[in-house]
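One structure is given here, and the rest of the page talks about it.
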Amino acid sequence: MSLVARHLEANGLPTVVMGCARDIVEECGVARFVFTDFPLGNPSGKPGDAAMQQAILGTALDLLERAWMPRTTVQTPYQWPDDAWRENFMRVDASNREELARQGKERRDLQARLKKS
Amino acid sequence: MDQLRPYRSFVSYIDCSRTYYAAQGYDKPYAWPHYDEVPFAPPAKPLSQCRVGLVTTAGLPKPADPMAAMLYRREMYAQPAWPPPASLYTDDLFWDKKATHTRDVDSFLPLTRLARAAAAGRIGSASPRFYGVPTDYSQGRTIERYSPQILKWCREDGVDAVILLAL
């Protein structure tokens, strides 16, 4: 998505990226970025929370108007109710290491079979 | 201060996905795009006169018919922004399915919120269409195929500024 934003900017269209994966967007480098520190999935606010969604959109619009240089990141003030997701997402530990290795092998075998057929 | 923390608060998805796929036996880590130079286009007119468009990585809903659903492939699309779709397809995307959900479209594609901003005069208008772009492993396809098409649709619709939302 950051690559698309860069293309639009290079062609004269101002953009804002809204997202929750701060490192991916900032590594790529975009003109304007509204970061909300939530689990991936709801870059424009919590499901069912219309007031929060309106406020986050408002931040994106403010940023469009006011940013004066590229790589401007604004972090919204919202917190997810708990922090467990930070540890749990794509977790790798002793409890799932064997299972992950098995899943990877299964996927590669399937891809190899599809390639042959 | 609220707390002292011996770690960085926000999750590094570059780090955690590399570790995760390495554990699945993928030796060569995904190489993420990095640029030193960043293009920047200031708005050409006040936001209250701008038409704003939205871009999403979510896909159109999967067909109910099982045969058609099997043939479903992610493609780019431009769809009427109003009325907003009741749902979009997100199952194939990289997001936290344990912690949250995507049943509220406005939580990842704020079409209703944008229409409200237009009604309040904060922006000139919302684009009559929103735009969908698949998340693609291939950066080449995103740069050479998807990005020019999004630009073309935005120009067709007279869009002055764009908000892009990655799930």
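First to last, the sequence lines map onto chains A and B.
Here the first sequence stands for residues 1 to 117, where the numbers follow this note's numbering.
Here the second sequence stands for residues 1001 to 1167, where the numbers follow this note's numbering.
Heads up, the beta-carbon is just placed ideally off N, CA and C, and yes, glycines get one too.
For residue j and residue i, believed in contact at Cβ under 8 Å, the rounded distance
i, j, result
"Leu1071 of chain B", "Leu1088 of chain B", "That belief does not hold up - the Cβ atoms of Leu1071 of chain B and Leu1088 of chain B are roughly 18 Å apart, past 8 Å."
"Val34 of chain A", "Ala60 of chain A", "5 Å"
"Leu1054 of chain B", "Ile1163 of chain B", "5 Å"
"Ala1117 of chain B", "Leu100 of chain A", "With a Cβ gap of about 43 Å, Ala1117 of chain B and Leu100 of chain A do not count as contacting."
Through-space distance from residue j to residue i, alpha-carbon basis
i, j, result
"Ala1058 of chain B", "Asp1106 of chain B", "12 Å"
"Asp37 of chain A", "Lys116 of chain A", "43 Å"
"Trp1153 of chain B", "Ala1078 of chain B", "7 Å"
"Arg1141 of chain B", "Ser2 of chain A", "13 Å"
"Asn96 of chain A", "Arg1018 of chain B", "16 Å"
"Gln1003 of chain B", "Gln79 of chain A", "14 Å"
"Arg91 of chain A", "Ile1014 of chain B", "13 Å"
"Gly1124 of chain B", "Asn88 of chain A", "42 Å"
"Ile1143 of chain B", "Trp85 of chain A", "32 Å"
"Ala1081 of chain B", "Arg1129 of chain B", "5 Å"
"Asn42 of chain A", "Tyr1026 of chain B", "28 Å"
"Val30 of chain A", "Leu64 of chain A", "12 Å"
"Arg22 of chain A", "Gln75 of chain A", "10 Å"
Where residue i meets chain A, residues with beta-carbon distance less than 8 Å
i, result
"Phe1094 of chain B", "Leu40"
"Leu1088 of chain B", "What Leu1088 of chain B touches in chain A: nothing, since even the nearest Cβ is about 12 Å away."
Span of the beta strand (DSSP E) around residue i
i, result
"Ile1163 of chain B", "1161 to 1165"
"Leu3 of chain A", "Looking at the DSSP string, Leu3 of chain A is not in any beta strand (DSSP E); the run it does join, the alpha helix (DSSP H), is 2 to 10."
"Tyr1077 of chain B", "1077 to 1080"
Beta-carbon neighbours of residue i, restricted to chain B and to distances below 9 Å
i, result
"Pro77 of chain A", "Going along chain B, no residue has its Cβ under 9 Å from Pro77 of chain A, so there is no contact; the nearest lies around 13 Å."
"Gln111 of chain A", "Within chain B, no residue comes near Gln111 of chain A; the closest Cβ sits about 11 Å away, beyond 9 Å."
Continuous alpha helix (DSSP H) stretch holding residue i: start and end
i, result
"Met1001 of chain B", "No alpha helix (DSSP H) holds Met1001 of chain B; DSSP gives it neither H nor E."
"Pro944 of chain B", "There is no way to answer for residue 944 of chain B, as the model of chain B reaches only from 1001 to 1167."
"Gly104 of chain A", "97 to 116"
In DSSP terms, what residue i is bridged to
i, result
"Gln75 of chain A", "A:Phe35"
"Ser1125 of chain B", "B:Arg1051"
"Phe1130 of chain B", "B:Gln1079"
Chain B contact residues for residue i, given Cβ-Cβ distances below 7 Å
i, result
"Val30 of chain A", "Val1038"
"Leu57 of chain A", "Pro1110, Arg1113, Leu1114, Ala1117"
"Val74 of chain A", "The contacting residues do not exist; Val74 of chain A stays about 13 Å from chain B at best."
"Ser95 of chain A", "Those within 7 Å of Ser95 of chain A in chain B number zero; the least Cβ separation is about 12 Å."
Chain-ordered neighbours of residue i on chain B, where CB pairs are closer than 8 Å
i, result
"Ser117 of chain A", "Residues of chain B passing the Cβ test: none, with the nearest at roughly 16 Å."
Chain A residues whose Cβ lies nearer than 7 Å to that of residue i
i, result
"Gln1024 of chain B", "Leu100, Ala101, Gln103, Gly104"
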